[in-house]
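K.L.:
Just so you know, the protein sequences line up as chains A and B, in that order.
In terms of the numbering used here, the first sequence opens at residue 1 and continues consecutively.
In terms of the numbering used here, the second sequence opens at residue 497 and continues consecutively.
The C-beta atom is built at its ideal place from N, Cα and C for all residues, glycine as well.
Submitted below is the structure of interest, expressed as structure tokens.
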Amino acid sequence: MNTLANLHGILPILIVTVTGMIVLLGDACIPAWRRQRTLSALISLLGVVAATLFSVRLMGEDNPVALFNGAVTGDAFAQASNVVLLVAAGIAILLAMTYLENRRLNLGEYYVLVLFSTAGAMLMAAATDLIVLFIALETLSVALYVLAGFARTEERSEEAALKYFLLGAFAAGFLLYGIALIYGGSASAVHPGTTNVIALTTFLRESGGPPPVMLMAGVSLLLVGLGFKAALVPFHMWTPDVYEGAPTSVTAYMAASAKVGAFAAILRVFDALAPIAPYWLIAMQVLAVLTMFGGNIWAVTQDNVKRMLAYSSIAHAGYLLVAVSASISTKAHEEALGAAAFYLLAYALMTMGAFAILILLSRRGRDVQTMNDLRGLARTDPFAAYMMLIFMLSLGGIPPTMGFMGKWLIFNAALTAGQTGMAIALALASIISVYYYLRVVWMMCFQEPETTAATERAVAPAGVTVSIAITGIASLLFGILPNLMNIVMDAARALP
Amino acid sequence: MYQTPIPHILSWVTFLPLLGAIFLMFLKRPQDLPEHHGDHEHEAHGVPDAPSPLVVRDPARNAINWVALAFALATFVLSLVMLAAFQIGYVNSDTRNMQFLESASWIRIGTLAIDYRMGVDGISLLLIVLTTFLMVLSVLFSFGIKQRLKEFMVFLLLLETALIGVFCALDLVLFYVFWEAVLIPMYFLIGIFGHENRIYAAIKFFLYTFAGSILMLVAIVAVYRATGTFNVLALSNQAVPGSPGAKLYALNSANPQALMWMYAAFALAFMIKVPMFPFHTWLPDAHVEAPTAGSAILAGIMLKMGTYGFLRFCLPLFPEQAHETAVLFIVLAIIGIIYGSIVAAVQPDAKKLVAYSSVAHLGFVILGIFTFTPVGMMGALVQNINHGISTPMLFFLVGMLYERRHTRLISEFGGLKRVVPALAAMTLLATLSSIAVPFFNGFVGEFPILLGSWVSAQTKPVGGYWSTALAATGMILSAVYMLWWFHRIMLGPITKPVNRHLPDLDLNEWFVLTPLVAIIFWVGLWSQFWTQRMDTSVRMLLPANERRLEDTLPITSVLEREYSQSDLAPLGGLERRRRQAPIGNPAPPTVPPAAAPGGGAETTSGAAPSSAAPSEVAPALSPESRPIPPIRPPSGAAPGTVLPAPSPGTPNSPAPTPSGTSGTTNPTSPGTPTPVATPPMGGLLHGPQNPAGTGSPGTGTSAPAPARPANPNVPSLAPPVRPRGPRTSSINGLGRADATLHRTGTKS
């Protein structure tokens, strides 16, 4: 296979990376005049849109599975993940345009970091070698660490970045050690060890019988490492603090892209480990139940909206794990993958939409933090309040929204796989979740505003409004007509 | 074939309010008016707020009001067009008795196929008309909402779309979408426009119903996994071999436990919505805290979603399970009736009293459904509509009182009759309707329910006649609390000086109340208009052998002939079944008189459901319901092996034997005691409501069996519209004799 074909397969990743470099260089070369940030943002958006278009195009093509000697792949599943990630990146860029200026953080690096971390996440979805997966994860993470501390002058932001970095580094160690153990565990008298997931599958299929203990240890460490990124209970400790401390536009982006990247990797890697599923499936299901209930129960007690959304994102990771565990069953394999892709997209849209509302409401120099800040929003700003309603309903999985459709597809996958218990756990967990989502609604709509005077609002945030409109309309539209997302779901189903 | 007056009329009816809501969103937000804060010093001066909302002159307010009313009225008119075009007795083998069908491909994801599938039968059509009708009144009543009027109207119209959607969706997922969508506007109506504890009530309402329905969602998916379709009609047609319905039914033998769980999930969702006794606690809170229009819709229509769910989903999809759990539901319904009545009686809050009375009334409806007799079920359906008329009216009246006094405490009123005579008269009418006084609508609903319960009590181990007796106390108790309520508010001396200057009904309120009164008497005096539209549906809900059982009781058959339209020829209800019976029983159907000891009824009533062995029950049944033959061949075979079903070959062709056969089918042993109350009761019920006089010969006859001549109006060669036989024969084929026996009530 020639280099050109290899590069063609990872074209979207390349576009994003190159755009990031252009923005970085441009930011450094052009002397500081006021408009350059907007220019950086526009160039970044352009790159994201171009990459999205290429991803969609590549979905339809019959891509060779193994690129770069099996290190990465450009298969349809990777492209489907790319689309979700790029949508998240695009919204993150739109969100940041006025928000950062408002907070006097408008630095060109923001867009660069978003683009680089997106490239990392995309590579995570495409990686078919565990070492590449590790590199991709670090690319994603390092950029996110910096982004979390982007509000340099704020202690909370700094604290968030440090906490994220320390725990993240620790988790990366787990991941790396896990990869090493897998390499050792997959070695046999005839074969050398491997970190390639496809070779790993072949090895596991052929060897049969119980897998070596070393391999299983590696798999569990791998799960820990990826679970940290995906914020699964009990590896979730960083999430609320980081979400709360980071600038809201970063939180929105982080909530979406880190999770999508991590789940793309989990789906691919654990799909490859399917031959030994009986040995790890129960662990994953326990994690799923813990994550769903833990996330939701903690979220109920939160008074800070960002922390609440952080715990809610943990709970959503649990729902996604239900889809992952269903995807192991051969009967439900395709359904579960389609459901996972749809849910990831739904999750990205609705979570980012909810954060976008918080950005819209943030006043000069102060973020919306507590539930009380949302008091009486329906009176002061009906647009924001009712858009937030859509996001909350969608997060709670109430029709006719995308979140409902996604949850419904996961139910379907779980029951097809015969995992009725998981479906019921998901149902019960979402009952809990509805309580705190509705709490936001009642704060906004049922309570009177604290002050009747119109609150001082930051500059007219065109980018934020646009992204709210996009996410809101998409959350409704794809909830009513999920057919429109068939292209993404079909692509995701193609994972072998 | 039915005619669709307007193409896609069902979609229009469903989504017209949504269009209205969207249209309203673009109208100018009217200025909020100052809200009354219920301070008593204000009231002490005897200056109640003027409750005349039409006086307010604000173009934006008027625009909102009239646009909302226009859309509600247009929807109402469309639903009336549908009602006019509805074909009574229409049945199709594929689509059952559904009319105005619409279907389109909606969601195709991988192998999943979800369709946009809508249609109505008599039950849902009447509920839709009730919805659109009440919505017009609610909009009219809410003209005076002072704050956030625009949002109120938007949510009201959104609610209407969702409610109508629930009643016509024929795809499980589509149904679920509408079912859940109902919650959102209602949550807002309670939460924004409610009273003091509104947030607590709203969240409780939402969580309760959501908790029930999310498990139903799992069950919906499970049904899909088992059958490969969400099509309700295909799932209901369980008699057609190889159909999804048959697949679902086959689970009865393959995996009855899973089927029971699915049924339980559906039933739980509906039980919470109804609400039945242990799950009713959200209801008083929601009712009391909701604004008047919200309470009216909540009581009038939303509770009907639960009963409708039982009829549309639980019974057709899970017939065996529904029959197996009937006892549970009957017991809970009776508890609900008595408990609801007693708690209602002691409420100091007028609205809460009406709310608890809902628990009791809905208990009657559930009781009627789970009698599995045509008469009881028809009573339940009529009661369903009655409750949708009288309870909203009561809520409107309480709301009117509240607008005048800003209190709902009964003790704050007294002697209002002299101050507001028209309001008092209207309240009296609503009260009497709620008590189920004859000539009022309530009676036409509750009496058949009790009758049906009495009928089924003889064959089901529900405590014999005690169940009917206990349920009947509910009627007495309702008189107690309602009349006492009326007395305390309207009669006696005027205790509070502020009450001396209350204004009487204004024009707007007349507009709201008059149509309700009209319908109360319409149902009360001419219930046939309502029953004949639902008759086909009721028949379809009852399994064949169950019906044969009920037919054996003279009193029922007399009543039933009243209910079943004689021109309902295609179904051939009574006659056909009577002819079918001898085919199924090769032995000459003569009851061994030895099997009739005296105190049979007491034996049954005392027997605990589980302890009574089949062999014991059968003789115990015979004294009262002597025409046992259709159920039990008298050959004396072991009860466990006897199948009451007709022989598998014949059922589709009901052998048009001369109608005289019916006489021989039900040989009446002359000494058998017949229910003494039959003629007067029948007369009471039927005299006024049957102006056409069809079938009236039955009313005057006191001798039960010979008084059932073959109805000459029923053509004997009725086409077999619904192949009931194959269903039973399929049971035979599966060798599930016990299931069949269970259903007929012979067992246990």
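List the residues that DSSP assigns as beta-bridge partners of Leu-1301(B).
P.N.:
There is simply no residue 1301(B) to check, as chain B begins at 497 and stops at 1244 in what is shown.
K.L.:
What residue range is occupied by the uninterrupted alpha helix (DSSP H) comprising Lys-913(B)?
P.N.:
Looking at the DSSP string, the run of the alpha helix (DSSP H) that includes Lys-913(B) is 912-915.
K.L.:
Quick one: measure Cβ to Cβ for Gly-875(B) and Gly-941(B), integer angstroms, because I've assumed they're closer than 8 Å.
P.N.:
Correct: roughly 5 Å between the Cβ atoms.
K.L.:
Would you identify the three-state DSSP class for Arg-644(B), choosing helix, strand or coil?
P.N.:
Coil.
K.L.:
Can you grab the Cα-Cα spacing for the pair Asn-748(B) / Val-286(A), in whole Å?
P.N.:
Using only the alpha carbons, I get a separation of about 32 Å.
K.L.:
I think Arg-1279(B) touches Ile-695(B), with their Cβ atoms under 8 Å apart; what is that distance to the nearest whole Å?
P.N.:
Absent from the structure is residue 1279(B), since the part of chain B shown begins at 497 and ends at 1244.
K.L.:
Using C-beta distances below 7 Å, list every residue in its chain close to Gln-519(A), excluding the 5 sequence neighbours before and after it, in chain order.
P.N.:
Because residue 519(A) is not part of the residues shown, which for chain A are 1 to 496, the question remains open.
K.L.:
Taking only beta-carbon positions, decide if Trp-442(A) is within less than 7 Å of chain B.
P.N.:
Yes, Trp-442(A) counts as interfacial toward chain B.
K.L.:
DSSP beta-bridge partners for Asn-304(A)?
P.N.:
Bridge partners of Asn-304(A): Thr-370(A).
K.L.:
With respect to the alpha helix (DSSP H) encompassing Gln-879(B), which residues constitute its N-terminal and C-terminal limits?
P.N.:
Per DSSP, Gln-879(B) belongs to the alpha helix (DSSP H) from 870-901.
K.L.:
What does Glu-676(B) touch in chain A if you count any residue whose Cβ is under 8 Å from its own?
P.N.:
Result: Ile-398, Pro-399, Phe-404.
K.L.:
Does DSSP classify Glu-598(B) as helix, strand or coil?
P.N.:
Three-state result, Glu-598(B): strand.
K.L.:
According to DSSP, is Met-614(B) part of a helix, a strand, or is it coil?
P.N.:
Strand.
K.L.:
Is any beta-carbon of chain A found at less than 7 Å from that of Phe-706(B)?
P.N.:
Judged by the 7 Å Cβ criterion, Phe-706(B) is in contact with chain A.
K.L.:
Mind checking the stretch 683-695 of chain B against chain A and listing, in chain order, the residues whose C-beta falls within less than 8 Å of any C-beta there?
P.N.:
The stretch 683-695 of chain B vs chain A, Cβ under 8 Å: Tyr-683, Phe-684, Gly-687, Ile-688, Arg-694, Ile-695.
K.L.:
Does the distance from the C-beta atom of Ser-55(A) to that of Pro-12(A) stay below 7 Å?
P.N.:
Contact flag set, yes.
K.L.:
Our contact map puts Leu-654(B) next to Ala-517(B) with C-beta atoms below 8 Å; I'd like the distance itself, whole angstroms only.
P.N.:
Rounded, the Cβ-Cβ distance is 5 Å, consistent with contact.
K.L.:
Tell me whether Val-464(A) is buried or exposed, calling it buried when 16 or more other Cβ atoms sit within 10 Å of its Cβ.
P.N.:
Buried, by the Cβ-count rule.
K.L.:
What residues are listed by DSSP as bridge partners for Asp-129(A)?
P.N.:
DSSP output for Asp-129(A) lists Asn-196(A) as bridge partner(s).
K.L.:
Please list, in chain order, the chain B residues whose beta carbon lies closer than 7 Å to that of Pro-482(A).
P.N.:
Here the neighbours are Ile-603, Ile-605.
K.L.:
Leaving aside the five residues before and after His-857(B) along the sequence, list all residues of the same chain whose C-beta is less than 6 Å from its C-beta, in chain order.
P.N.:
Excluding residues within five positions, the ones whose Cβ falls inside 6 Å are His-883.
K.L.:
Compare the beta carbon distance of Ala-265(A) and Leu-86(A) with 7 Å and say whether it is the shorter of the two.
P.N.:
No; because the gap between Cβ atoms is not below 7 Å, this pair is not in contact.
K.L.:
For Ala-786(B) versus Gly-690(B), is the C-beta distance shorter than 7 Å?
P.N.:
Contact flag set, yes.
K.L.:
Can you list the residues of chain A that Leu-711(B) reaches, using a CB-CB cut of under 7 Å?
P.N.:
Correct list: Ala-427.
K.L.:
Could you tell me the distance, in whole angstroms, from the CA atom of Phe-203(A) to the CA atom of Ala-340(A)?
P.N.:
Each residue's Cα considered, the two are about 27 Å apart.
K.L.:
Under 7 Å between C-beta atoms, does Leu-580(A) make it to chain B?
P.N.:
Examination of residue 580(A) is not possible in this model, given that chain A is present from 1 through 496 alone.
K.L.:
Between the Cα of Val-72(A) and those of Leu-223(A), Gly-26(A), Ala-121(A), spot the shortest distance and give me the residue it belongs to.
P.N.:
It is Ala-121(A) whose Cα lies nearest to the Cα of Val-72(A).
K.L.:
Could you name the residues that DSSP lists as bridge partners for Val-488(A)?
P.N.:
Per DSSP, none; premise fails for Val-488(A).
K.L.:
Please state whether the Cβ-Cβ distance between Ser-732(B) and Pro-812(B) is less than 7 Å.
P.N.:
In contact: Ser-732(B) and Pro-812(B) (Cβ atoms closer than 7 Å).
K.L.:
Between the Cα of Glu-334(A) and the Cα atoms of Asp-490(A), Ala-427(A), Ser-475(A), which residue gives the shortest distance?
P.N.:
Nearest C-alpha to Glu-334(A): Asp-490(A).
K.L.:
So, helix, strand or coil for Arg-592(B), using DSSP?
P.N.:
It is a strand residue.
K.L.:
Any idea which residues DSSP pairs Leu-523(A) with across the strands?
P.N.:
Lying before the first or after the last residue shown, residue 523(A) is absent from chain A, which here runs from 1 to 496.
K.L.:
Classify Met-21(A): buried if its beta carbon has 16 or more other beta carbons within 10 angstroms, exposed otherwise.
P.N.:
Flag for Met-21(A) reads exposed.
K.L.:
Please classify Leu-529(B): does DSSP put it in a helix, a strand, or coil?
P.N.:
Correct three-state label for Leu-529(B): coil.
K.L.:
Residues of chain B with CB under 8 Å from Arg-493(A), in chain order?
P.N.:
Chain B residues near Arg-493(A): Gly-606.
K.L.:
Among Leu-200(A), Met-124(A), His-236(A), which residue has its Cα nearest to the Cα of Phe-77(A)?
P.N.:
Phe-77(A) has its Cα closest to that of Met-124(A), out of Leu-200(A), Met-124(A), His-236(A).
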